[in-house]
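Going by UniProt numbering, the residue at position 473 of the sequence shown is 473; the numbering climbs one at a time, nothing skipped.
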Amino acid sequence: MATVGEALTQAAQCQAEGSAAEAEMLYRAILDQFPDLPEALNGLGIALFGQGERAAGAALVQAATAKSPSEPVFHSNAVEMLVALNRPLEAASHLERIIALLPEPAPDLIGRLGQLLLGDPTRTDEAIAILERALALGCDDVYLFAELAGVYSEAGRFEESIATYRKGLARHPDAAWMFSNMLVTIMMVSTYSARQVFEAHLEFGEAYEPLFRGRIKPHRNSPDPNRVLRIGYLSPNFRGHILMMNILPVLREHDRSKVSVHVFAHVPEPDSVTRKVMEACDDFVFIHKMDDDAVADLVREREIDILVHPMGHWADNRLLVFARKPAPIQVNYTCNSPTMGMRSFDYMFVDRWLDFDDSLQEFAVETLYRLEHGFVTTEYAIAPRIAPPPCLENGHVTFGSFNNPAKLSDKTLTLWTRVMAMVPNARLLIKGGKIDTPGFADHLRARVARFGIDPSRLSLLGHMGSYEDHLLAHNQVDIFLDSLPFGGGRTTEDAIWMGCPVVTLVGPELHGRNTANRHLRLGTPELCAHGEDDYVAICAALAADPERLSFYRANLRDIWLRSSLTDYRTHADDLERAYRDIWQLWCAEQRP
Numbered sequence: 001m002a003t004v005g006e007a008l009t010q011a012a013q014c015q016a017e018g019s020a021a022e023a024e025m026l027y028r029a030i031l032d033q034f035p036d037l038p039e040a041l042n043g044l045g046i047a048l049f050g051q052g053e054r055a056a057g058a059a060l061v062q063a064a065t066a067k068s069p070s071e072p073v074f075h076s077n078a079v080e081m082l083v084a085l086n087r088p089l090e091a092a093s094h095l096e097r098i099i100a101l102l103p104e105p106a107p108d109l110i111g112r113l114g115q116l117l118l119g120d121p122t123r124t125d126e127a128i129a130i131l132e133r134a135l136a137l138g139c140d141d142v143y144l145f146a147e148l149a150g151v152y153s154e155a156g157r158f159e160e161s162i163a164t165y166r167k168g169l170a171r172h173p174d175a176a177w178m179f180s181n182m183l184v185t186i187m188m189v190s191t192y193s194a195r196q197v198f199e200a201h202l203e204f205g206e207a208y209e210p211l212f213r214g215r216i217k218p219h220r221n222s223p224d225p226n227r228v229l230r231i232g233y234l235s236p237n238f239r240g241h242i243l244m245m246n247i248l249p250v251l252r253e254h255d256r257s258k259v260s261v262h263v264f265a266h267v268p269e270p271d272s273v274t275r276k277v278m279e280a281c282d283d284f285v286f287i288h289k290m291d292d293d294a295v296a297d298l299v300r301e302r303e304i305d306i307l308v309h310p311m312g313h314w315a316d317n318r319l320l321v322f323a324r325k326p327a328p329i330q331v332n333y334t335c336n337s338p339t340m341g342m343r344s345f346d347y348m349f350v351d352r353w354l355d356f357d358d359s360l361q362e363f364a365v366e367t368l369y370r371l372e373h374g375f376v377t378t379e380y381a382i383a384p385r386i387a388p389p390p391c392l393e394n395g396h397v398t399f400g401s402f403n404n405p406a407k408l409s410d411k412t413l414t415l416w417t418r419v420m421a422m423v424p425n426a427r428l429l430i431k432g433g434k435i436d437t438p439g440f441a442d443h444l445r446a447r448v449a450r451f452g453i454d455p456s457r458l459s460l461l462g463h464m465g466s467y468e469d470h471l472l473a474h475n476q477v478d479i480f481l482d483s484l485p486f487g488g489g490r491t492t493e494d495a496i497w498m499g500c501p502v503v504t505l506v507g508p509e510l511h512g513r514n515t516a517n518r519h520l521r522l523g524t525p526e527l528c529a530h531g532e533d534d535y536v537a538i539c540a541a542l543a544a545d546p547e548r549l550s551f552y553r554a555n556l557r558d559i560w561l562r563s564s565l566t567d568y569r570t571h572a573d574d575l576e577r578a579y580r581d582i583w584q585l586w587c588a589e590q591r592p
């Protein structure tokens, strides 16, 4: 008869050979005799986890750690299983135990602990301190630099965020995705001028484009100026994402006698929107498993005439595909970044409302092309009830911001402080993400206090249960305050849809003009300030004019519905005209 040790060895061997079911039977037999044996609990947990009974497997491994709390292997198994089950805080508790058992600090483990603790908003400050310690001890995980920089940005610690990105890039210069993350942060920092933002984007192009010039191959596209054009759209957002909801109707409206539509989707987890995109295009390819060289070769093989990038420097942007110049013409579309900073992009589409003063070309590498009728946005599927301005009942005005809290730059808070001083009985409601959780809330209250706003005048709202709840929350606000230098996008549109005026300071940067773009399109230019004093004055005048607030409440949604903001057919015509114009210019350049 086998001893317990021999039985454990036999079960472990079955496991190593991939016979999880046989290992399970052996471990169960051992536990029948020794129900508290930690090695058997751990082994059975691994066997069950491997067979798909993941929650049960993790529970058994956790039971093993309880029986043998000083065994780091059991805790390590628990960490991996709990992370896979998206239970980061439980995983963190086991990782803390592993770290405590080690004779010397382990920078990589300490860094991972910090990453796990970021899942608990009440421990954000602790997580930051742990991440900082890991880097100080020599952890060189590229994702650790990025995560610490990201959480700094969320907390409004922008300079520290950029400095951390810079340190990470010094160690990992090939991490173009991290450089893109840094550029998004730089767009939110009020200490950077429009020129400095442009120069930072140029730095991206200068860092990465030279690496791929040797991989640029001749294009085989026929230079016929009048044929049907093959238009490629490449993005990670061909899924349930707000940007895709703007673009999907345009894909449907494209005139197939003028263009064919080819989609290159970096989408690991397709959804119902992905399926609608597949139905709306002529050719659809998933590219998330392909490297940049393979994607560039595919675009070239499909003889795409114009390759369009509709998202800027945001996550999973695949910009290095464009650095390989797989299409003769490449376009930056939807204005999510002021420029790509890459000379492999030929054009950037804008409109006359964004570039009303002909100034944006100064801050773009691409040649600007103005769309005649402007950009479009998503149609609203729901229209919640619009309540009267809350000041009529409250006896005081409530200012609000539902923008990404990372956009609350120092300049934004300085300006809002002036607004609150001009309207001394007003309150300020800020909504977004985890902002109402203790860690974030305490930090924000302390930050606004430093700028001179009494924290007792501040109310915070976090993530809402549904989009309808989010829209209904606008009924708590009289006047929305736009952020700067990076203003609102969809949040501005939501406010207008709910009848709320949004006061904006028109910036020199493209990303500081999105709200103004909407106002100029809708015929409400009086909400656009052209200086800080003007911004404060507009806010104060509105706060003193409840009749005007009631007018906006009653009319903004109807104004929106009568506008061209959801005229997808006209926008598709604009795009097709633009594509034809730039294609004919390219064809002319190919003549001997």
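All C-beta atoms in this analysis are idealised placements derived from N, C-alpha and C, irrespective of residue type, glycine included.
| Asked | Found |
| --- | --- |
| Segment contact, 8 Å Cβ cut-off, at least three pairs: the segment 353-372 with the segment 457-466 | no |
| Cα-Cα separation, ARG513 to ALA383 | 26 Å |
| For LYS431: DSSP bridge partner residues | LEU461 |
| Which of helix, strand or coil DSSP assigns to LEU565 | coil |
| MET1 in three-state terms, based on DSSP | Caution applies to MET1, whose pLDDT of 47 falls short of 50 and renders its modelled position unreliable; the value that the coordinates give is listed next. MET1 falls in the coil class under three-state DSSP. |
| Beta-bridge partners of ASP283, as assigned by DSSP | HIS262 |
| Whole-angstrom distance between HIS313 and LEU561, CA atom to CA atom | 31 Å |
| Bounding residues of the alpha helix (DSSP H) (the contiguous stretch that carries THR377) | Here THR377 belongs to no alpha helix (DSSP H), and DSSP marks it neither H nor E. |
| Three-state class that DSSP yields for GLN15 in the structure shown | helix |
| Cut-off 7 Å between Cβ atoms - residues of its own chain near PRO525, not counting five sequence neighbours on either side | HIS519 |
| Helix, strand or coil at ARG318 [DSSP, three-state] | coil |
| Buried or exposed (CB count within 10 angstroms, at least 16 for buried), THR3 | exposed |
| Residue environment, TYR467, which counts as buried when at least 16 other CB atoms sit within 10 Å | exposed |
| Stretch pair the segment 333-353 + the segment 196-207: three plus CB contacts closer than 8 Å | yes |
| DSSP beta-bridge partners of MET348 | ASN332 and LEU368 |
| Delimiting residues of the beta strand (DSSP E) encompassing LEU85 | Where LEU85 is concerned, there is no enclosing beta strand (DSSP E), given that its DSSP letter is neither H nor E. |
| Beta-carbon proximity of ALA23 to GLY52, cut-off 8 Å | no |
| Local Cβ density within 10 Å of ILE242, reported as buried at 16 or more and exposed below that | exposed |
| Coil, strand or helix - LEU481 by DSSP | strand |
| Test item: CB-CB of LEU26 and ALA11 under 8 Å | yes |
| Chain E contact for CYS335 (CB, 8 Å cutoff) | Looking at the structure shown, chain E is missing, and only one protein chain is on hand. |
| Inside the segment 42-111 only - alpha helix (DSSP H) runs reaching at least 4 residues | 54-67, 72-84 and 88-101 |
| The segment 151-162 contacting the segment 315-334, beta-carbon criterion three pairs below 8 Å | no |
| Contact under 8 Å by Cβ, LEU505 with ALA529 | yes |
| Contacting residues, own chain, Cβ-Cβ under 6 Å from GLY119 (five flanking each side not counted) | PRO88 and LEU89 |
| Reference THR334, options HIS511, ALA29, GLU71 and ARG580, closest by Cα | HIS511 |
| Endpoints, the beta strand (DSSP E) within which PHE451 is located | Where PHE451 is concerned, there is no enclosing beta strand (DSSP E), although the alpha helix (DSSP H) it sits in stretches over 438-451. |
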